[in-house]
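Comments concern the structure below.
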Amino acid sequence: MTDLFTKVTPELKRRLRHERLFQWMGRSAIFIAIAFLLVMVGTIASMGVGALRQTHIELSVFLDPQELDTARLYDADYGRLVKKALRARFTEVKKRQDKRKLYNLISSQAEFTLRDLVVSRPSLIGQTVKVWFTASDDVDMLIKGNISSSTGNTQRRIDRRETRWINDLIAADQLESRFNSRFFWSGDSREPELAGILSAFAGSAFSLLVCFGLSFPVGIFAAIYLEEFAPKNRWSAFIEVNINNLAAVPSIVFGLLGLAVFLNTFGLPRSSPLVGGMVLALMTLPTIIIASRAALRAVPPSIREAALGIGASRIQTVFHHVAPLALPGMLTGAIVGMARALGETAPLLMIGMVAFVADVPNSIFEPATALPVQIFLWADSPERAFLEKTSAAIIVLLCFLVVMNLSAIILRRKFEKRY
Amino acid sequence: MSFQLIERQILTSGKRQDIPEQPPVISTRDVDVYYADKKALDKITLDIPANAVMSLIGPSGCGKTTFLRCLNRMNDLIDICRVEGDIRIDGQDIYAPEVNTVSLRAHVGMVFQRPNPFPKSIFENVAYGLRIHGLTSSKSELADRVEDSLKRAGLWEEVKDRLDEPGTGLSGGQQQRLCIARTIAVQPKIILMDEPCSALDPIATAKIEELIDEMRANFTIIIVTHSMQQAARVSQHTAFFHMGKLVEQGETRQIFTSPQDERTESYITGRIG
Chain A
9 MTDLFTKVTP ELKRRLRHER LFQWMGRSAI FIAIAFLLVM VGTIASMGVG ALRQTHIELS
69 VFLDPQELDT ARLYDADYGR LVKKALRARF TEVKKRQDKR KLYNLISSQA EFTLRDLVVS
129 RPSLIGQTVK VWFTASDDVD MLIKGNISSS TGNTQRRIDR RETRWINDLI AADQLESRFN
189 SRFFWSGDSR EPELAGILSA FAGSAFSLLV CFGLSFPVGI FAAIYLEEFA PKNRWSAFIE
249 VNINNLAAVP SIVFGLLGLA VFLNTFGLPR SSPLVGGMVL ALMTLPTIII ASRAALRAVP
309 PSIREAALGI GASRIQTVFH HVAPLALPGM LTGAIVGMAR ALGETAPLLM IGMVAFVADV
369 PNSIFEPATA LPVQIFLWAD SPERAFLEKT SAAIIVLLCF LVVMNLSAII LRRKFEKRY
Chain B
10 MSFQLIERQI LTSGKRQDIP EQPPVISTRD VDVYYADKKA LDKITLDIPA NAVMSLIGPS
70 GCGKTTFLRC LNRMNDLIDI CRVEGDIRID GQDIYAPEVN TVSLRAHVGM VFQRPNPFPK
130 SIFENVAYGL RIHGLTSSKS ELADRVEDSL KRAGLWEEVK DRLDEPGTGL SGGQQQRLCI
190 ARTIAVQPKI ILMDEPCSAL DPIATAKIEE LIDEMRANFT IIIVTHSMQQ AARVSQHTAF
250 FHMGKLVEQG ETRQIFTSPQ DERTESYITG RIG
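If you read the protein sequences in the order shown, they are chains A and B.
Taking the working numbering, the leading residue of the first sequence gets 9, the next gets one more, and so forth.
Taking the working numbering, the leading residue of the second sequence gets 10, the next gets one more, and so forth.
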């Protein structure tokens, strides 16, 4: 036997080396990308996980019949009752300044918690009831270990005396950390312990719904017409160039257009998901058209010939055969465009969706904000507790994206056919 | 015209008891086809008789497929393609402005080079043409027509138990027979076949050829083929194309045994092509 299959010439050695080098570079590129992704997701998750829990404080409140007029239960001064309860718990506090600090242990929400309890069960009046109140953000931060004791006593948000009160509550089992459902079911608030993501989430969801409803049908019909029916001449080339250019226009320009046309000319409601969705649709449209045209072009011509060959009209050929085969690709394009729209802040800036919105919108006409805007607003807030809320909001945004992309994959699997 | 007469005399002088005398179904006069500025076909004048198989042969790029696609106006789909001259089917000019390609193509069916079933079930593949042309009035009639078409395409026995399975899951030869069933379901008069066996193995090819021979009783078939043996086996008439020109046409037997033109002779003996 000769060494025909084992001989390594210098030329062959060089080729093998190139191949190994290329594979190594490819692997390290993937490794770097994954490492960056892990660092990003890891950081956000570790910072945001705290927002899932919230500290609560238990107080014994005497529901004084003299304070509570049964005819006007809704208007009674529940704040006073809460303050009384706090003073009763810490009898040693006498000075006015100290009392103010004491009241700061409990969230300003406490009086409404108590009001709701009394209004729903008026029979409790005259008794002393144990109620769990949401703790203030400063207490929450201390419990979560975000306030360092090395900071000077007077500069700390929670000084030594307040720390003692809190330790006292812990010792009496009157302080505990619970799952923070409020974060998911309420709107924004100036108080970090009360702020929730729902209004921004609903705003984003409504906007995307409007965006999809407008841009998907318009986009695919434009793509089908341009690809299957329009004559290939100077005009169609001109339109194609313009669509490609539109896809690259900075999104804030679409925001300005929305401001000028939708708000000022048509007088549509400001800050509403309707207008937000319309602006995002303008931005998404070129992406969908380009992706849909590529999907249509990828359908083999033999399918068109088969349909036309047995006498299907052009419309029948497109809608019975070509479009269904291109649908998965069109959906993918739409989802890519929508994912971009979900993360977009700049165009919303122009139409007033960058706002403090505490109420959860119920329709596309009510003022709303969007997830990326909410993230920006919280990141910009001075309170320490908003830091973890910001990260938690980013996690919600990422989950929204993952759910959208997953549904795109599932839809694509469902519609995909072999040909 | 006199040339035509002479040619017809040549044709009629031969032995051809198997071909009944009938007026031509398709007649083309001086057909020129251009792709942009390039002339692909030059003055094609050809009569195609009914209920017979005519094969179009010639080297690659000679224009035989282009000619075939003129007959059901599939060339309309190519923007740069222009057809001049006169093409008549049953006396009707098919390029007249009032002609509608949908009914033309229902009348002139086509089977393509590569089997191209729809990515739908076997049943739907055959039923589609019937549905869009509204040829059946009830579900049972539709099922009967599908069964009948599949039987005539010689595929029924192989697929009757799996009509719901995708047509794309069949073998290449079965797919091509499915395409033939799909074409004959709408009952065209003429069937154009563009190298229907070029992507198939010899056994599948033999089945299709057998099928073509049976179909001759009901349809006029025009087949483009690269295989001289196939042309000799399945067709009664042959037309030889070379560089966009129709060089010679006549009875298959005569073309293959005593070609009049030396280019034809070179081609069938394998010297060009």
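All residues carry an ideal CB built from backbone N, CA and C; glycine is no exception.
Source: prediction; values computed, not measured.
Excluding five sequence neighbours on each side, which residues of the same chain lie with their C-beta closer than 8 Å to the C-beta of residue i?
i, result
"G204(A)", "R190, F191, F192, W193, S194, G195, D196 and S197"
"R80(A)", "none"
"Q101(B)", "V108"
"T261(B)", "S64, A240, A241, S244, Q245, H246 and T247"
"P258(A)", "A354"
"K216(B)", "G163, G182 and R186"
Taking residue i as the reference, which of the options has the closest Cα?
i, options, result
"Q105(A)", "R278(A), E170(A), D83(A) and I417(A)", "E170(A)"
"P175(B)", "E204(B), Y137(B), I96(B) and K129(B)", "K129(B)"
"G163(B)", "G182(B), D210(B) and A152(B)", "G182(B)"
"I228(A)", "V330(A), S215(A), T398(A) and G351(A)", "V330(A)"
"F98(A)", "S280(A), P200(A), S68(A) and V127(A)", "S68(A)"
"L187(B)", "S236(B), N125(B), S267(B) and E274(B)", "N125(B)"
"A363(A)", "S128(A), I38(A) and S280(A)", "S280(A)"
"K254(B)", "P58(B), A61(B) and T75(B)", "T75(B)"
"R91(B)", "R123(B), K47(B) and P106(B)", "K47(B)"
"A213(B)", "H142(B), G259(B) and S180(B)", "S180(B)"
"L122(A)", "I151(A), F70(A) and P239(A)", "F70(A)"
"A320(A)", "D270(B), E219(B), R140(B) and Y43(B)", "R140(B)"
"Y435(A)", "Y111(A), R421(A), F120(A) and F214(A)", "Since the displayed chain A opens at 9 and closes at 427, residue 435(A) lies outside it and no answer follows."
"Y44(B)", "N134(B), I89(B) and G67(B)", "I89(B)"
"I178(A)", "K240(A), S128(A), V147(A) and S212(A)", "V147(A)"
Might you give, ordered along the chain, the residues of its own chain that have their beta carbon closer than 6 Å to the beta carbon of residue i, omitting 5 neighbours on each side?
i, result
"T325(A)", "R312, A315 and L316"
"A303(A)", "A334, G337 and M338"
"L405(A)", "L379"
"I35(B)", "I57 and I98"
"I296(A)", "S223, G227, G341, A342 and G345"
Who are the near neighbours of residue i in its chain, counting only those whose CB is closer than 7 Å to its CB and skipping five residues on each side?
i, result
"L113(B)", "N81, R82 and I103"
"I155(A)", "M149, R164, R165 and I166"
"M358(A)", "I260, G263, L264, G266 and L267"
"T278(B)", "none"
"L76(A)", "A84, V126 and I133"
"S158(A)", "none"
"Q182(A)", "I65 and E66"
"L20(B)", "Bear in mind that the predicted position of L20(B) carries a pLDDT of just 45, short of 50, making it unreliable; the figure below should be weighed with that in mind. G259 and E260, listed in sequence order."
Tell me whether the beta-carbon of residue i lies closer than 8 Å to the beta-carbon of residue j.
i, j, result
"I251(A)", "P355(A)", "no"
"W173(A)", "E66(A)", "no"
"L234(A)", "S244(A)", "yes"
"I52(A)", "S415(A)", "no"
"L65(B)", "K52(B)", "no"
"I193(B)", "R161(B)", "yes"
"Q245(B)", "L209(B)", "no"
"G240(B)", "T247(B)", "The displayed chain sequence assigns Ala, not Gly, to residue 240(B). In contact: A240(B) and T247(B) (Cβ atoms closer than 8 Å)."
"T142(A)", "S185(A)", "no"
"E250(B)", "C71(B)", "The sequence shown places Phe at residue 250(B), rather than the Glu named in the question. Cβ atoms of F250(B) and C71(B): closer than 8 Å."
"T37(B)", "G94(B)", "yes"
"M361(A)", "V381(A)", "yes"
"L77(B)", "V233(B)", "yes"
"T162(A)", "C219(A)", "no"
Would you kindly report the start and end of the unbroken beta strand (DSSP E) that includes residue i?
i, result
"I141(B)", "From DSSP, I141(B) is part of no beta strand (DSSP E) but of the alpha helix (DSSP H) over I131 to I141."
"S69(B)", "Neither: S69(B) is in no beta strand (DSSP E) and is coded neither H nor E."
"H329(A)", "Taken as a continuous stretch (DSSP letters only), H329(A) belongs to no beta strand (DSSP E), as it is neither H nor E."
"S185(A)", "L183 to F187"
"V256(B)", "K254 to E260"
"S68(A)", "R61 to F70"
"F141(A)", "T136 to T142"
"P152(A)", "The question names Pro, but residue 152(A) in the sequence shown is Lys. Note, K152(A): premise wrong, no beta strand (DSSP E); not H, not E."
Would you say residue i touches the ligand COA, meaning its beta carbon is less than 7 Å from a heavy atom?
i, result
"D56(B)", "Within the structure as shown, the ligand COA is missing, as the structure has no ligands at all."
Name the two residues that bound the continuous alpha helix (DSSP H) containing residue i.
i, result
"H116(B)", "T110 to H116"
"R38(B)", "Segment P33 to Y44 is the beta strand (DSSP E) holding R38(B); no alpha helix (DSSP H) there."
"T273(B)", "E271 to I277"
"T192(B)", "G181 to A194"
Q. Any residues in the segment 134 to 147 of chain B with a beta carbon nearer than 8 Å to a beta carbon of chain A? Which ones, in chain order?
A. Y137, G138, I141 and H142
Q) Quick one, which residues of the segment 210 to 240 of chain A are near chain B if we go by CB-CB under 9 Å, in chain order? A) P239 and K240
Q. Name the residues in the segment 295 to 321 of chain A whose C-beta lies less than 7 Å from a C-beta of chain B; which are they?
A. S310, I311, E313, A314, L316, G317, I318, G319, A320 and S321
(Q) Against chain A, which members of the segment 78 to 104 of chain B pass a CB distance test of less than 8 Å? (A) N81, M83, L86 and D88
Q | Residues in the segment 329 to 341 of chain A having any Cβ partner in chain B nearer than 8 Å | A | H329 and L333
Q | Members of the segment 171 to 203 of chain B near chain A, C-beta cut-off 9 Å | A | P175, T177, G178, C188, R191, T192, A194, V195, P197 and L201
Q. Of all the residues that make up the segment 261 to 275 of chain B, which are near chain A by a beta-carbon distance shorter than 9 Å?
A. none
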